[in-house]
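Colleague: Per the numbering used here, the very first residue in the sequence shown carries number 436; after that it's consecutive. Glycine included, C-beta positions come from ideal geometry on N, C-alpha and C. I am attaching a structure below and will ask some questions about it afterwards.
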Amino acid sequence: MKQSLDLKLGQHLTITPQLQQAIRLLQLSSLELQQEIQEALENNPLLEDLDEEAAAREASEAPVEEAVSVESRADSEGSDGLASDEQPVDRDVAIEDDPLREELTGGNDDWEDNSESLSASATRNEGGDGLPDIDARNSAPTTLREHLLWQMQMAIFSPTDRRIAEATIDAINEDGYLTCTLEEIRQSLPGDLSVDIDEVQAVVHQIQNFDPAGVGARDLSECLQLQMRALPSATPHLDNARRVATSENLALLANRDFKQLKRTTRLSPEELQEAILIIQHLNPRPGGSVTSSQAGYITPDITVKKIRGIWRAELTSSAAPRLGINQQYEKLIRRGADTADNRYLQDKLQEARWFIKSLVSRNETLLKVARAIVDRQRAFFEHGAEAMKPLVLHDIAEIVGMHESTISRVTTSKYMLTPRGIFELKYFFSSHVGTSDGGTCSATAIRSLIKKLIEAEKPLKPISDSTIAEILAEQGIHVARRTVAKYREALNIPPSSQRKSLV
């Protein structure tokens, strides 16, 4: 075997850690970016928030307005010698040394200690004097099971009935429905308990009186009947609503078979309509009103305003924080020797510079893409969704000179605050449909037209998907019936058979 050395020239792309960081920051949402920045500030001493530093300097240099206002008020009430007028008083010193402290707090040092959290004060209240935590007692339970168990503790149950009630509550799902039969509940009890099925039935009936109304029902009909039982007996048309809320009649109501429903209930159209209105105000999922859900928050990255007749897009302040390098640590690095501490600071300095550079690049890319979208969709900001133009990622990629994958990353989980509401950047991208004059119409505009047509339909005679397709064709927009059905389902609008009203 002959050995030889060959020299070859080639090109290849290497994703450096710095490039990986830039790509990762690019696809973060505004809230995720704030968490990333906070983590970087905590882990890197060379990195600092310039806005916070400026606010801290202003606070330390400014006079204490609170102390001055307290002093002026005390002087007007006839107090003298409580504070010095000749020398500015630092905020912390004013709190510790001001003789007004005793007068305002009444000798209670805990009154002015606002730095303690609510959880710490609750712990202190519960442990020191043995009193129950009032805040925790009055706070709403987070799950339906906890809510029912809390009511069970307040009710009068024998030890045996309490065991039955616990087994029954465990069999209630998050919607509030009892998922087990009475026999299954009886069999789930410990072997040392001998109970009859009538005892289980009695406990279930008592739990069905718990809050929320309708909990513990075994089907939708029983759930609605329990809720109507909690309504005032003088409620108009309540008896008619009970007649409608049977299992057989609810199936007819779900299918909009009003002719058969009137025949079985023997109600007039007006009476049936009033009964249906009562049922529609009831909750088919009573457990959902108790189970707490965490709300999702959206922080806009871009703000769009019309200034002097021109729509302009700008970054929000939360999306563009001002970060910088700590000057004191940077001076130490320049003067420092070749030590481990100095090398550590040098590494952190490089990391801070790369992080700031990646953040600036992200904001510039986001703003460039947002302005291109606003410029392309000016008609939307002027006239609404019906004027939305067709737009795909490739169009914006050509305008800003970037790859489509970059546009996809920068428009994911980014939101734009406009006079018409808050929209995700992805909202402005939609496919196109051909028109009779050879032009194009965006799918978003077609969905808006479909929604407008359905909102204007007659309740007694809703328009079908085929009719909508014909109306759009008359306006020069050619879409198939199945396309109309797809857009209608995307808008969470039921078909015409389920939109039909009784009167």
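1) Where DSSP assigns a beta bridge to D484, which residues make up the other side?
2) Considering only DSSP beta bridges, list what L826 is partnered with.
3) Going by other Cβ atoms of all chains shown within 10 Å of its Cβ, with 16 needed for buried, is I912 buried or exposed?
4) Expressed to the nearest angstrom, what Euclidean distance is found between the alpha-carbon atoms of V639 and L717?
5) Can you check whether the CB of P721 is closer than 8 Å to the CB of V650?
6) Which residues in the same chain have their Cβ closer than 6 Å to the Cβ of A805, if we skip the five residues on either side of it in sequence?
7) Quick one: any contact between the region 860-867 and the region 875-886, if contact means 3 or more CB pairs under 8 Å?
8) Please classify C658: does DSSP put it in a helix, a strand, or coil?
9) Can you check which of these residues, S752, N777 and S901, is closest to V914 by C-alpha distance?
10) Do K849 and S439 have their C-beta atoms within less than 8 Å of each other?
11) Should the region 646-666 be regarded as contacting the region 607-616, the criterion being three or more beta carbon pairs within less than 8 Å?
12) Which residue or residues does DSSP assign as beta-bridge partners of F858?
13) First and last residue of the alpha helix (DSSP H) that includes R788?
14) So if DSSP puts R844 in a beta bridge, which residue, or which two residues, is it bridged to?
15) Tell whether a beta-carbon distance below 8 Å holds between I760 and L481.
16) Identify the continuous alpha helix (DSSP H) that holds L888 and give its terminal residues.
17) Please return the same chain residues whose Cβ sits closer than 8 Å to the Cβ of N684, not counting the five positions on each side in sequence.
18) What number of angstroms, rounded off, separates the C-alpha of K739 from the C-alpha of I885?
19) Kindly indicate if chain C contains any beta-carbon less than 8 Å away from that of A689.
20) Round the Cβ separation of K783 and V835 to the nearest angstrom and send it over; I've been treating them as touching at under 8 Å.
21) How is T699 classed by DSSP in three states: helix, strand or coil?
22) Return the Cβ separation of F645 and L584 in integer angstroms, given the expectation that the two are a contact with Cβ distance under 8 Å.
23) Which value, in whole angstroms, describes the spacing of the CA atoms of A822 and A814?
24) So, at 8 Å on beta carbons, what are the nonlocal neighbours of A920 in its own chain, with the 5 sequence-adjacent residues on each side left out?
25) Grouping DSSP H, G and I as helix and E and B as strand, with all else coil, what is V505?
26) V827 and W746 - do their beta-carbons sit closer together than 8 Å?
27) Please report the straight-line C-alpha distance between I831 and S843, rounded to a whole angstrom.
28) Going by beta carbon distance, what residues of the same chain come within less than 7 Å of Q933, once the five residues before and after it are set aside?
29) With DSSP as the reference, please indicate the residues paired to K896 in a beta bridge.
30) I need the straight-line Cα distance from A689 to L712, nearest angstrom please.
31) So, is E483 buried or exposed, given that buried needs 16 or more other C-beta atoms within 10 angstroms?
32) Whole angstroms are fine: how far does the CA of Q660 sit from the CA of A669?
33) Between R757 and D486, what straight-line distance do the alpha-carbon atoms span, to the nearest angstrom?
34) With 16 other CB atoms within 10 Å as the buried threshold, where does N608 fall?
35) For I458, write down the residues that DSSP places opposite it in a beta bridge.
36) Can you say whether M589 is buried or exposed, counting buried as having 16 or more other CB atoms within 10 angstroms of its CB?
Modeller: On the basis of the coordinates in this document:
1) Beta-bridge pairing links D484 to L758.
2) L826 pairs with S865.
3) In this structure I912 is buried. Its beta-carbon is surrounded by 16 or more other beta-carbon atoms within 10 angstroms.
4) Roughly 21 Å separates the two Cα atoms.
5) Contact flag set, yes.
6) Closer than 6 Å at Cβ, skipping near neighbours: I737 and A748.
7) Because the criterion of three Cβ pairs below 8 Å is met, the region 860-867 and the region 875-886 touch.
8) Under the three-state reduction of DSSP, C658 is assigned to helix.
9) Among S752, N777 and S901, the Cα nearest to that of V914 belongs to S901.
10) Cβ atoms of K849 and S439: not closer than 8 Å.
11) With a cut-off of 8 Å, the region 607-616 and the region 646-666 count as touching, because enough Cβ pairs lie within range.
12) According to DSSP, which records beta bridges pairwise, F858 is partnered with M851.
13) For R788, the enclosing alpha helix (DSSP H) covers residues A775 to R811.
14) Bridge partners of R844 according to DSSP: none are assigned.
15) For I760 and L481, yes; Cβs fall inside 8 Å.
16) From DSSP, the alpha helix (DSSP H) with L888 extends over A878 to E890.
17) Taken in chain order, the residues that qualify are R678, L696, T699 and T700.
18) One detail in the question is off: residue 739 reads as Val in this sequence, not Lys. The straight-line gap from Cα to Cα measures roughly 27 Å.
19) The structure shown contains no chain C; it is built from a single protein chain.
20) Taking the Cβ atoms as the reference, K783 lies roughly 33 Å from V835, outside the contact range of under 8 Å.
21) In the structure shown, T699 sits in a helix (DSSP, three-state: H, G or I).
22) The pair is not a contact, with the Cβ atoms about 10 Å apart (cut-off 8 Å).
23) Distance from the CA of A822 to the CA of A814, rounded to the nearest whole angstrom, comes to 6 Å.
24) The beta carbon of A920 sits closer than 8 Å to those of D900 and P930, all from its chain and outside the five residues before and after it, given in chain order.
25) Here the model assigns V505 a pLDDT of 39, short of 50, so the residue's position is not dependable and the matter cannot be decided.
26) No; because the gap between Cβ atoms is not below 8 Å, this pair is not in contact.
27) A direct Cα-to-Cα measurement between I831 and S843 gives close to 10 Å.
28) Around Q933: R691.
29) Partner residues in the beta bridge of K896, as assigned by DSSP, are K893.
30) Each residue's alpha carbon lies about 14 Å from the other.
31) If you draw a 10 Å sphere on the C-beta of E483, you find 16 or more other C-beta atoms in it, and that means buried.
32) The straight-line gap separating the alpha-carbon atoms of A669 and Q660 is approximately 16 Å.
33) Rounded to the nearest angstrom, the two C-alpha atoms are 6 Å apart.
34) Exposed.
35) Beta-bridge pairing links I458 to no other residue.
36) Exposed, because fewer than 16 other Cβ atoms sit within 10 Å of the Cβ of M589.
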